[in-house]
């Protein structure tokens, strides 16, 4: 605050004394002479106001000016920036390697198509993104859409720099078939592309996916292991690319339908299937399946809770806060959810949306038989602050 000084001026009164002349009473004495008295110059003439001690103050530079932008990410976020390439899988099943460079709060993510046989080719491109607050939630510098969020060096999401659809980012990839063994809860997004050039059809569902140590797998669409078996096949190691291939049939009917990526170990494993199914004479199928070890959601307790930053195939970005049995989109009313429904490890919201939340990852699909025409997939993570 500015200090205002007050100048107090004191006036000193001077009593001017008049001298009296005396007479003897003798009439013959000359009349006394009383000259007009001379008033001397007062001791205190009209005072001259000196220059105030505190003239109008000059405003110095404020002690706390508007702070400059932080020049670096927070320490927690810096620790989540991958030093090695991550695998990037789009919702359409495209596969790429994603590499990261950081300058201050600016992050560049460069996507390079994998060039591996059996994988759909990701369109090469670069995202230039910026953190507004030093956290690992970044925005594209040329638009207001969310671009990249990183939960750790092994997990994040982005959106495709060309098609603008969600992209799952995975690091810490395991390369042996045995690493994939386990029982998984899964959400699935598929795009059926007709060969006649017609509009693609979208399909979503959930499933239980079981992989044995030898690589044989069993698939239970829209059900658990007590449901009817939908399909079987094997996982095979491709030594040329060090990839795990997803295979059905054998001999002349053998078909490679895509690539399986496994990140992490134990109950924290995340499995992603980049589908690239050649299909049949009518069309092909591509897509992204996301799975995690099938355990009851209650076993993770509050570890699933948090604010997830998300992006979906319908072009909507959002912040969704999960807290026990409610999920709250930013600025909207809470939505009640049912844990371990319709199968263990998943949640159900509004009867036709199924999602999983595990190890900082969020993935939701609309039910293919629900009211959402065609369905969609939404991917998100809890960004590192």
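Residue numbers (the working numbering): 2 to 386. Each residue gets a CB set at the ideal place from its N, CA and C atoms; glycine is no exception.
As summarised for the region 156-199, the continuous beta strand (DSSP E) elements at least 3 residues long and confined to that stretch are 156-160, 167-171 and 183-195, given in chain order.
The beta-carbon separation of residue 308 and residue 327, rounded to 13 Å, does not stay under the 8 Å limit for a contact.
Taking all protein chains in view, the Cβ of residue 270 is crowded by 16 or more other Cβ atoms within 10 Å, so the residue is classified as buried. A residue is called buried when at least 16 other Cβ atoms come within 10 angstroms of its Cβ; residue 246 meets this threshold and is buried.
Contact between the region 281-295 and the region 190-205 is present: three or more C-beta pairs spanning the two stretches fall below 8 Å.
Within the region 131-155, the complete beta strand (DSSP E) segments at least 3 residues long are 138-141 and 147-153, listed from N- to C-terminus. Sequence-distant Cβ neighbours of residue 90 in its own chain, meaning closer than 6 Å and more than five residues away, are 96, 169, 273, 275 and 289. By the neighbour-count criterion, in which a residue is buried when 16 or more other Cβ atoms sit within 10 angstroms of its Cβ, residue 122 is exposed.
Beyond the five residues adjoining it in sequence on each side, residue 108 comes within less than 6 Å, by CB distance, of 130 and 139 in the same chain, given in chain order. In this structure, residue 119 sits away from residue 252, with a CB-CB distance that is not shorter than 8 Å. Taking a C-beta distance under 8 Å as the contact criterion, residue 313 and residue 383 do not qualify as a contact pair. Measuring C-alpha to C-alpha distances from residue 87 to each of 157, 167, 336 and 341 identifies 157 as the nearest. The residue from 144, 182, 339 and 165 with its alpha-carbon nearest to that of residue 237 is 182. Residue 126 sits in a strand when the DSSP states are folded into three classes. Residue nearest to residue 187 within the set 210, 341 and 127 is 210 (criterion: CA-CA distance).
Shown here, residue 75 sits in coil according to DSSP, grouped into three states, outside any helix or strand.
Per DSSP, reduced to three states, the secondary structure at residue 252 is helical. The alpha-carbon separation between residue 144 and residue 226 amounts to approximately 45 Å. In this structure residue 375 touches residue 202 by the C-beta definition: roughly 7 Å separates them, less than 8 Å. Remark: C-beta atoms of residue 159 and residue 110 approach each other more closely than 8 Å. Across the set 166, 141, 216 and 102, the C-alpha of 166 shows the shortest separation from the C-alpha of residue 94. According to DSSP, residue 318 shares a beta bridge with 312.
Taking 8 Å as the cut-off, the beta carbon of residue 346 is found closer than this to the beta carbon of residue 293. In this structure, the straight-line span from the alpha carbon of residue 200 to that of residue 324 is close to 39 Å.
Rounded to the nearest angstrom, the gap between the Cα atoms of residue 299 and residue 150 is 26 Å.
Around the C-beta of residue 83, 16 or more other C-beta atoms lie within 10 Å, and the residue is accordingly described as buried. Collapsing the DSSP output to three states places residue 285 in a strand. A Cβ-Cβ separation of about 13 Å leaves residue 128 out of contact with residue 103 under the 8 Å criterion.
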